[in-house]
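J.: Structure provided below as C-alpha cells; questions to follow.
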Amino acid sequence: MKQEELTKKLAEWGEPPYRARQILTWIYQRGASTYQEMTDLPESLREQLSTEWAPLSSEVIEKSRSSDETSKLLLRLHDGELIETVIIREGDRRTACISTQVGCPVACIFCASGLDGVSRNLKPHEIVEQVLAVNRSLPKENKLTNVVVMGSGEPLLNADNLIEAIRNMNEPSLMGFGARRVTVSTVGLPDRIRRLADVGLQLNLAVSLHAPNDTLRKKIIPTARPIADILAATDVYQTKTGREVTFEYVLLKGVNDAPEHASELARTLGRRQCLINLIPQNPVPGVDLCAPDRAACELFQSILQNAGHRTTLRKTKGQSIDAACGQLRRRKQGSQSA
Ligand code: SAH
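Residues in the sequence shown are numbered consecutively from 63, following my numbering.
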C-alpha cells in the first residue's frame, strides 16, 4: 500500500498522518515482518492493523545456503504460488536476484524456469517483498548493495509492475535504493527495451544473447526476436540512458561454444561499447545440456578479448542449492505433488 493510501485509511480510524510513515519505515527500513515488532505504535493500533491487513503478502518457507556464500529463499505467495530469490555474496557486494513471474513463458532450452510455462505475473509488492526478505536475512551492517532482475520470468513481459516496484524501492523516504544499482536482464524484446529507455530510470540493462546468429539463437530460444532488431534497441537504450549494456551468453557444450561462434559473436557485436558476460550453464535435472570444460570456456573468452571485447567469465555459484533460475521451485513442487 502506498503511503497516501495508508494515511487515508488510518485517518478513518482517527490516527495522525505520521503513523503511515512509521509503519512503512518499519517494513522498508527496519526489517519488520509483523506489527508486534513495531514497538512505537500503540498496542491497540497494532491489534487493529493485524485484524485488517497482513503486513506482508508473502512468507519465506525455505532458506538454503551453499558453501560459496550463495543462498536461496523460497517464498510462498498469498495464493500458494512459489517463487525464488537468490542472495549472492561476493567481496563487498551483496546482490539479490529476484523473480518477476511465477515460472516463465520464454522456454529457453537450458533453463529450469520455463519448463512448466508461466502461471502469472508478480505484482509490484511481490517484487518488492523479495528485496525486503533478502534484507531481513542479512546482518544490519551488511544490507543489500545490488539487485539483479535475473530470477524466474521475463521482466519485460511484466514491465509495468517491475517499474512500479523499482520506483517504490527508489523512493528516498522508504528504501532509497538507486536504479543504478539495479540490473534488468531480458531475453531481448526490442519494443519493450525502447520503452524502458523512456521511463526515466537509470537501470542497467542486460540482454540474453546466447548465440551469434538468428538461426542458432532460435534453437536455443524458440521465441527469439531478430538479433539486428535487439541491437538497434539496445543502441537506443545506451544513447538515451547513458548506461552501458551487458550481453549474457550461456555457454552450452556442443551447441554455442565453438571458437567459430566466438569469432562470429565478436563480428555481430561489432564495435559496440558493451560487456559480454559468459555464463557456463548450471546443470538442470531433466535438461540434457551441460557447460563446456573450463579450457573451452577460457578459449571462447580469449577470442572475444582478442577481438577487443570486454568479457567476463562467470564463476558458477550455488550448484549445491539448485540456484539456477527455477530449480528450487521445481524440486519443491515435485516433492509436494509426490
Ligand atoms: N528472462 C530473462 C531473465 C531471467 S534469466 C532473461 O532471459 O534474461 C537470467 C539469466 O540467467 C539469463 O541470461 C539466462 O540465460 C540465465 N540462466 C537461466 N538458466 C540458466 C542455467 N541453467 N545456467 C546458466 N544460466 C542460466
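No residue lacks a Cβ here, since even glycine has one placed at the ideal position from N, Cα and C.
Please state the DSSP three-state secondary structure of Ser-325.
T.: In the sequence shown, counting from the first residue as 1, residue 325 sits at position 263. Looking at Ser-325 - three-state DSSP - the assignment turns out to be helix.
J.: Just the C-alpha distance for Gln-300 and Arg-334, rounded to the nearest angstrom, thanks.
T.: On the sequence shown, residue 300 is found 238 positions in, with the first residue counted as 1. On the sequence shown, residue 334 is found 272 positions in, with the first residue counted as 1. Near 10 angstroms, if we compare the C-alpha coordinates of Arg-334 and Gln-300.
J.: Does ligand 1 have even one heavy atom less than 7 angstroms from the beta-carbon of Gly-165?
T.: Stepping through the sequence shown from its first residue, residue 165 is reached at position 103. Outside the cutoff, so no.
J.: Using 8 angstroms as the threshold, is the stretch 134 to 145 in touch with the stretch 161 to 179, meaning 3 or more CB pairs across them?
T.: yes
J.: Over what stretch of residues does the alpha helix (DSSP H) that includes Gln-363 continue unbroken?
T.: Numbered from 1 along the sequence shown, position 301 holds the residue referred to as residue 363. The continuous alpha helix (DSSP H) containing Gln-363 extends over residues 356 to 368.
J.: Helix, strand or coil for Thr-69? Go by DSSP, reduced to three states.
T.: Looking up residue 69 in the sequence shown gives position 7. Helix.
J.: Count the other CB atoms, across all protein chains shown, that sit within 10 Å of the CB of Pro-234; report buried if there are 16 or more and exposed otherwise.
T.: Here residue 234 corresponds to residue number 172 of the sequence shown, with the count starting at 1. So Pro-234 ends up on the exposed side.
J.: Would you check if the distance between the CB atom of Asn-318 and the CB atom of Ala-273 is smaller than 8 angstroms?
T.: If you number the sequence shown from 1, residue 318 lands on position 256. If you number the sequence shown from 1, residue 273 lands on position 211. Result yes, Cβ atoms of Asn-318 and Ala-273 sit closer than 8 angstroms.
J.: Measure the Cβ-Cβ separation of Met-100 and Ile-85 and say whether it is below 8 angstroms.
T.: Counting from 1 along the sequence shown, the entry for residue 100 is found at position 38. Counting from 1 along the sequence shown, the entry for residue 85 is found at position 23. Result yes, Cβ atoms of Met-100 and Ile-85 sit closer than 8 angstroms.
J.: Figure out for me which residue from Asn-204, Arg-182 and Glu-216 has the closest Cα to the Cα of Val-168.
T.: Within the sequence shown, residue 168 is the residue found at index 106, counting from 1. Considering only alpha carbons, the answer is Glu-216.
J.: Is the beta carbon of Gly-316 within less than 7 angstroms of some heavy atom of ligand 1?
T.: The residue labelled residue 316 in the question sits at position 254 within the sequence shown. No, since every heavy atom of ligand 1 falls outside the 7 angstroms radius drawn around the Cβ of Gly-316.
J.: Look up Thr-147 in the DSSP assignment and give the residues it is bridged to.
T.: Counting from 1 along the sequence shown, the entry for residue 147 is found at position 85. Bridge partners of Thr-147: Leu-135.
J.: In whole angstroms, what is the alpha-carbon distance linking Pro-78 and Gln-98?
T.: One-based indexing of the sequence shown puts residue 78 at position 16. One-based indexing of the sequence shown puts residue 98 at position 36. Approximately 19 angstroms, taken between the alpha carbons.
J.: Is Cys-352 near ligand 1, with its Cβ less than 7 angstroms from a heavy atom?
T.: By one-based count along the sequence shown, residue 352 stands at place 290. Set against 7 angstroms, the gap from the CB of Cys-352 to the closest heavy atom of ligand 1 is not smaller.
J.: Count the C-beta pairs between the stretch 189 to 199 and the stretch 228 to 247 that are closer than 8 angstroms, then say yes if the count reaches three, no if not.
T.: yes
J.: Report the option in Arg-376, Ala-358 and Asn-232 whose CA atom is closest to the CA atom of His-323.
T.: The count along the sequence shown starts at 1 and reaches residue 323 at position 261. Of the listed residues, the one whose Cα sits closest to His-323 is Ala-358.
J.: Could you name each continuous alpha helix (DSSP H) segment of 4 residues or more that falls completely within the stretch 168 to 236, going from the start of the chain to the end?
T.: Runs of the alpha helix (DSSP H) inside the stretch 168 to 236: 186 to 199 and 221 to 232.
J.: How should Thr-374 be labelled, buried or exposed, when 16 other C-beta atoms within 10 angstroms of its C-beta is the threshold for buried?
T.: Here residue 374 refers to the residue found at position 312 of the sequence shown. Its Cβ having fewer than 16 others within 10 Å, Thr-374 is exposed.
J.: With DSSP collapsed to three states, give me the class of Thr-373.
T.: In the sequence shown, the residue the question calls residue 373 occupies position 311. Reduced to three states, the DSSP call for Thr-373 is strand.
J.: Can you find the residues in the same chain that come closer than 7 angstroms, C-beta to C-beta, to Thr-303, ignoring five residues on each side of it along the sequence?
T.: Your numbering for residue 303 matches position 241 in the sequence shown. Contacts found: Ala-259 and Gln-264.
J.: Shorter than 7 angstroms, the distance from the beta carbon of Val-307 to the closest heavy atom of ligand 1, or not?
T.: Start at 1 with the first residue of the sequence shown, and residue 307 comes out as number 245. Checking every heavy atom of ligand 1 against the Cβ of Val-307, none is found closer than 7 angstroms.
J.: Output the boundary residues of the beta strand (DSSP E) element that contains Tyr-311.
T.: Start at 1 with the first residue of the sequence shown, and residue 311 comes out as number 249. Per DSSP, the unbroken beta strand (DSSP E) holding Tyr-311 starts and ends at 307 to 313.
J.: Quick check on Ser-95: does DSSP put it in helix, strand or coil?
T.: Here residue 95 refers to the residue found at position 33 of the sequence shown. Three-state result, Ser-95: coil.
J.: Just to confirm my understanding: we take Tyr-80, look at its own chain, exclude 5 residues before and 5 after, and list those with CB closer than 8 angstroms. What are they?
T.: By 1-based counting over the sequence shown, the position of residue 80 is 18. Counting only Cβ-Cβ distances below 8 angstroms, and skipping sequence neighbours, we find nothing.
J.: Quick one: is the Cβ of Met-212 within less than 7 angstroms of any heavy atom of ligand 1?
T.: As a first step, residue 212 is located in the sequence shown; it is residue number 150 there, counting from the start. Yes, the Cβ of Met-212 comes within 7 angstroms of a heavy atom of ligand 1.
J.: Which class does Glu-74 belong to by DSSP, given the choice of helix, strand or coil?
T.: For this step, residue 74 is matched to residue 12 along the sequence shown. Glu-74: helix per DSSP, three-state reduction.
J.: Closest to Val-349 by C-alpha separation, out of Leu-135, Leu-137, Trp-75 and Ala-174, would be which residue?
T.: Stepping through the sequence shown from its first residue, residue 349 is reached at position 287. For the residues Leu-135, Leu-137, Trp-75 and Ala-174, the minimum Cα distance to Val-349 belongs to Ala-174.
J.: With C-beta atoms as the reference, is Ile-365 less than 8 angstroms away from Pro-321?
T.: Working through the sequence shown from its first residue, we reach residue 365 at position 303. Working through the sequence shown from its first residue, we reach residue 321 at position 259. In contact: Ile-365 and Pro-321 (Cβ atoms closer than 8 angstroms).
J.: Thinking C-alpha only, which one of Asn-339, Arg-287, Ala-290 and Asn-344 is nearest Lys-315?
T.: For this step, residue 315 is matched to residue 253 along the sequence shown. Answer by Cα proximity: Asn-344.
J.: Ala-268 lies in the beta strand (DSSP E); which residues open and close that run?
T.: The count along the sequence shown starts at 1 and reaches residue 268 at position 206. Looking at the DSSP string, the run of the beta strand (DSSP E) that includes Ala-268 is 266 to 270.
J.: Any idea if Arg-92 is buried or exposed, counting beta-carbon neighbours within 10 angstroms, 16 or more meaning buried?
T.: Start at 1 with the first residue of the sequence shown, and residue 92 comes out as number 30. Classification of Arg-92: exposed, given that the 10 Å Cβ count is below 16.
J.: Give a yes or no on contact between the stretch 124 to 139 and the stretch 246 to 254, applying the rule of three or more CB pairs nearer than 8 angstroms.
T.: With the rule of 3 Cβ pairs closer than 8 angstroms, the stretch 124 to 139 does not count as touching the stretch 246 to 254.
J.: Can you check which of these residues, Asn-266, Ala-294 and Arg-198, is closest to Gly-240 by C-alpha distance?
T.: Position 178 of the sequence shown, counting from 1, holds the residue named residue 240. For Gly-240, the nearest C-alpha among the options comes from Asn-266.
J.: Is it right to say Asn-204 is buried, meaning 16 or more other beta carbons lie within 10 angstroms of its own, or is it exposed?
T.: Position 142 of the sequence shown, counting from 1, holds the residue named residue 204. Asn-204 is exposed by the Cβ-count criterion.
J.: Thinking C-alpha only, which one of Cys-170, Val-307 and Pro-284 is nearest Ser-214?
T.: Residue numbering aside, residue 214 sits at position 152 when the sequence shown is read from its first letter. Of the listed residues, the one whose Cα sits closest to Ser-214 is Cys-170.
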